[in-house]
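Enquirer: When you line the sequence shown up against the numbering used here, it's residues 4 to 321, in that order. No residue lacks a Cβ here, since even glycine has one placed at the ideal position from N, Cα and C. Have a look at the structure that comes next, please.
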Amino acid sequence: MAIVAIVAIVAIVAIAALAAALTIPLVASPSALQQPPSASLVEYNDEVARTATAGIDFTGEWAPRFHEDEPERVPGPELGDYLGIPINDAARMRATTWEASIQTLPEWQCRPHSADYIWRGPSPLRVWKEVDPVSRQVIAWHAEWLRSVDRQIYMDGRPHPSPNAPHTWAGFSTGRWDGDVLTVKTTHLKEGYVRRNGLPRSDQATLTEHWMLHGDILTVAAIVTDPVYLTEPFIRTTDYELDLHQWVPPYPCQVVEEVDRPAGRVPHSLPDTNTAVTDFAKRCGIPVEATRGGADTMYPDFRLKLGDITSKCIAAQR
Numbered sequence: 004m005a006i007v008a009i010v011a012i013v014a015i016v017a018i019a020a021l022a023a024a025l026t027i028p029l030v031a032s033p034s035a036l037q038q039p040p041s042a043s044l045v046e047y048n049d050e051v052a053r054t055a056t057a058g059i060d061f062t063g064e065w066a067p068r069f070h071e072d073e074p075e076r077v078p079g080p081e082l083g084d085y086l087g088i089p090i091n092d093a094a095r096m097r098a099t100t101w102e103a104s105i106q107t108l109p110e111w112q113c114r115p116h117s118a119d120y121i122w123r124g125p126s127p128l129r130v131w132k133e134v135d136p137v138s139r140q141v142i143a144w145h146a147e148w149l150r151s152v153d154r155q156i157y158m159d160g161r162p163h164p165s166p167n168a169p170h171t172w173a174g175f176s177t178g179r180w181d182g183d184v185l186t187v188k189t190t191h192l193k194e195g196y197v198r199r200n201g202l203p204r205s206d207q208a209t210l211t212e213h214w215m216l217h218g219d220i221l222t223v224a225a226i227v228t229d230p231v232y233l234t235e236p237f238i239r240t241t242d243y244e245l246d247l248h249q250w251v252p253p254y255p256c257q258v259v260e261e262v263d264r265p266a267g268r269v270p271h272s273l274p275d276t277n278t279a280v281t282d283f284a285k286r287c288g289i290p291v292e293a294t295r296g297g298a299d300t301m302y303p304d305f306r307l308k309l310g311d312i313t314s315k316c317i318a319a320q321r
C-alpha cells in the first residue's frame, strides 16, 4: 500500500509540473502576449474593416417611378424622336429603317432588355447581396427585373475577361465603392438599343453606373459609351422607390407566331422611304432637324438655333 501511495504522489507531482510548464509561457510571460500580429493578419483585418464600413446596403424591392421622362418610358417613345441623344449618321440610318413590328419575330418576343436599358423598362427591381460566409465581405451584388436575367456585379476585384469572351444581355459587371456611391463598370454586352424606337447600341459599348441612395429613393446614373453609334457618352438617371410589399413575378415567356408573314422576312424600311419618322415633328410643330438627334441637341445652345417656337405637344400638356 505504501508503494502504491508513493507512486500516486509521484504521478500527481509530475502532472502538476507538466501543467505548470505549459501554463507559464502563456500566462507568466508578458512577452508572449505583447508580440504584434503578423503583417498578413493586420492587412486582412484592415481589409475586413474597410469593406465592412464601405458603402451602404441596397438590398430590397424597388418600384419604378414613371413620372420622369414620360412618355418615353410609358407608353413609349415616338417614332422619329431622337432629340437629346448624341447619335451619329450610322445610328440614325438604323433607326429610320427600323419597324416596330420586328418585335413580333420569334427571336424578339422573349428577348430581355440589356443591362443599360433595363433601368428604363416597366419592371420592378429586386437587389440582394452575396456575402462570403468566412470573411463576411460582400463579394457580389445581384439585380433582377421582370424581363431580365440575374445580373451579377462582382465586388472581389476580379478583372474583366478578354474582349473575345461571350457577350450577354447582362454583360460582365464589376463594382467599387466611392464613398457611399456604388460605381459599376459593365462590358461584354450584346447589341441592344438606347431607345425603344430603333436607336441601336452596339456590342462594343461600355456602361458605367453610379448607384446612389437617398432615404428610400434609389437613383442610378447610367452612362453609355458607344464608339459605333454615339459621338459622346449618353447619360440618363432613373429613380426607384423602396416598396416593402413588392415582389417580382415570374416571367414564363412563350414564343408564338403573332403575324403571318413569309419565312425569313425581317420587318424593315429601305433608307429614306419611311415617311412616318417625320410625323412626330409635324404633329408637334417643331423642325424635323430638331428630332433627328445628335450631340448638338443635348445642349441649351441648340434651342437658340430653332428661333422662337413652342412645341404643340408641350403646349397641349400644360
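#1: With a 10 Å radius around its C-beta and 16 neighbouring C-beta atoms as the bar for buried, classify ASP282 as buried or exposed.
#2: For a quick check, are the C-beta atoms of GLU147 and LEU128 less than 9 angstroms apart?
#3: Can you tell me whether DSSP reads ALA55 as helix, strand or coil?
#4: How would you call HIS191, buried or exposed, if buried means at least 16 neighbouring beta carbons within 10 angstroms?
#5: At what residues does the alpha helix (DSSP H) containing PHE283 begin and finish?
#6: Assess contact between the region 237-248 and the region 66-76, defined as three or more Cβ pairs (one per stretch) separated by less than 8 angstroms. Is contact present?
#7: Look at the Cβ atom of ALA98, then the Cβ atom of PRO203, and state whether they are nearer than 9 angstroms.
#8: Can you give me the C-alpha to C-alpha distance between PRO303 and SER176, rounded to a whole angstrom?
#9: For the candidate residues GLN257, ASP153, ASP206, whose alpha-carbon lies nearest to that of ASN167?
#10: Only counting runs of 4 or more residues, tell me where the alpha helix (DSSP H) segments fall wholly within the region 195-242, in order along the chain.
#11: Should THR189 and GLY174 be called a contact, given that it needs their Cβ atoms to be closer than 9 angstroms?
#12: Below 8 angstroms CB to CB, which residues in the same chain sit around LEU309 once its five sequence neighbours on both sides are set aside?
#13: In whole angstroms, what is the alpha-carbon distance linking ASN277 and MET96?
#14: I'd like to confirm the pairing. Which residues does DSSP put opposite LYS188 in its beta bridges?
#15: Could you pull the start and end residues of the alpha helix (DSSP H) that ALA98 belongs to?
#16: Less than 8 angstroms between the CB atoms is what I'm expecting for GLY124 and TYR157, so what's the real figure, rounded?
#17: If you draw a straight line from the C-alpha of GLU71 to the C-alpha of VAL137, how long is it?
#18: Between SER126, ASP159, HIS248, which has its C-alpha nearest ASP135's C-alpha?
#19: Rounded to the nearest angstrom, how far is the Cβ of ILE121 from that of SER151, given a contact under 8 angstroms?
#20: How many Å lie between LEU307 and GLY195 at the Cα?
#21: By Cβ distance below 7 angstroms, which residues in the same chain neighbour THR62 in space, the five residues on each side in sequence not counted?
#22: Give every residue of the same chain whose Cβ lies closer than 6 angstroms to the Cβ of LEU221, excluding the five residues on either side of it in the sequence, and list them in chain order.
#23: What does the Cβ neighbour count give for HIS116, buried or exposed, with the cut at 16 atoms within 10 Å?
#24: For SER34, does the three-state DSSP call read helix, strand or coil?
Expert: So, from the listed chains and residues:
#1: Here residue 282 is taken as the residue at index 279 of the sequence shown, counted from 1. Looking at its Cβ environment, which holds fewer than 16 other Cβ atoms inside 10 Å, ASP282 is exposed.
#2: One-based indexing of the sequence shown puts residue 147 at position 144. One-based indexing of the sequence shown puts residue 128 at position 125. Taking 9 angstroms as the Cβ cut-off, GLU147 and LEU128 qualify as a contacting pair.
#3: Mapped onto the sequence shown, residue 55 falls at position 52. Bear in mind that a pLDDT of 39 at ALA55, under 50, signals an unreliable position, so the number given afterwards is only what the model happens to contain. It is helical.
#4: Here residue 191 refers to the residue found at position 188 of the sequence shown. Buried, by the Cβ-count rule.
#5: On the sequence shown, residue 283 is found 280 positions in, with the first residue counted as 1. Its alpha helix (DSSP H) spans residues 282-287.
#6: yes
#7: Translated into positions along the sequence shown, residue 98 becomes position 95. Translated into positions along the sequence shown, residue 203 becomes position 200. Closer than 9 angstroms, so yes.
#8: Within the sequence shown, numbered from 1, the residue matching residue 303 stands at position 300. Within the sequence shown, numbered from 1, the residue matching residue 176 stands at position 173. In a straight line, the C-alpha of PRO303 is about 34 angstroms away from that of SER176.
#9: For the purposes of this step, residue 167 is taken as the residue at position 164 of the sequence shown. Looking at the Cα atoms, ASP206 is the closest of the given residues.
#10: none
#11: On the sequence shown, residue 189 is found 186 positions in, with the first residue counted as 1. On the sequence shown, residue 174 is found 171 positions in, with the first residue counted as 1. Yes. Within cutoff.
#12: Looking up residue 309 in the sequence shown gives position 306. The answer, listed in chain order, is ILE289, PRO290, ALA293.
#13: In the sequence shown, counting from the first residue as 1, residue 277 sits at position 274. In the sequence shown, counting from the first residue as 1, residue 96 sits at position 93. Looking at the two C-alpha atoms, the distance is approximately 11 angstroms.
#14: Start at 1 with the first residue of the sequence shown, and residue 188 comes out as number 185. Paired residues: THR177, THR211.
#15: The residue given as residue 98 occupies position 95 in the sequence shown. Taken as a continuous stretch (DSSP letters only), the alpha helix (DSSP H) holding ALA98 covers 92-99.
#16: On the sequence shown, residue 124 is found 121 positions in, with the first residue counted as 1. On the sequence shown, residue 157 is found 154 positions in, with the first residue counted as 1. At roughly 23 angstroms, the Cβ-Cβ gap does not stay under 8 angstroms, so GLY124 and TYR157 are not in contact.
#17: As a first step, residue 71 must be located in the sequence shown, where it is residue number 68. As a first step, residue 137 must be located in the sequence shown, where it is residue number 134. Their backbone Cα atoms lie some 42 angstroms apart in a straight line.
#18: Mapped onto the sequence shown, residue 135 falls at position 132. Residue ASP159 is the option with its Cα nearest to ASP135.
#19: Translated into the one-based positions of the sequence shown, residue 121 becomes position 118. Translated into the one-based positions of the sequence shown, residue 151 becomes position 148. With 8 angstroms as the limit, ILE121 and SER151 qualify as a contact, their Cβ atoms being about 5 angstroms apart.
#20: As a first step, residue 307 must be located in the sequence shown, where it is residue number 304. As a first step, residue 195 must be located in the sequence shown, where it is residue number 192. Cα-Cα distance, rounded: 33 angstroms.
#21: Here residue 62 is taken as the residue at index 59 of the sequence shown, counted from 1. Closer than 7 angstroms at the Cβ level, and outside the excluded window around THR62, lie VAL130, TRP131, LYS132.
#22: Counted from its first residue, the sequence shown places residue 221 at position 218. Excluding positions up to five away in sequence, the list reads TRP65, TYR243.
#23: Residue mapping note: residue 116 aligns to position 113 of the sequence shown, counting from 1. Label assigned to HIS116: buried.
#24: Here residue 34 refers to the residue found at position 31 of the sequence shown. Summary for SER34: the model assigns pLDDT 40, below 50, so the residue's position carries little reliability; its value from the coordinates is reported in the next sentence. Secondary structure at SER34: helix, using DSSP grouped into helix, strand and coil.
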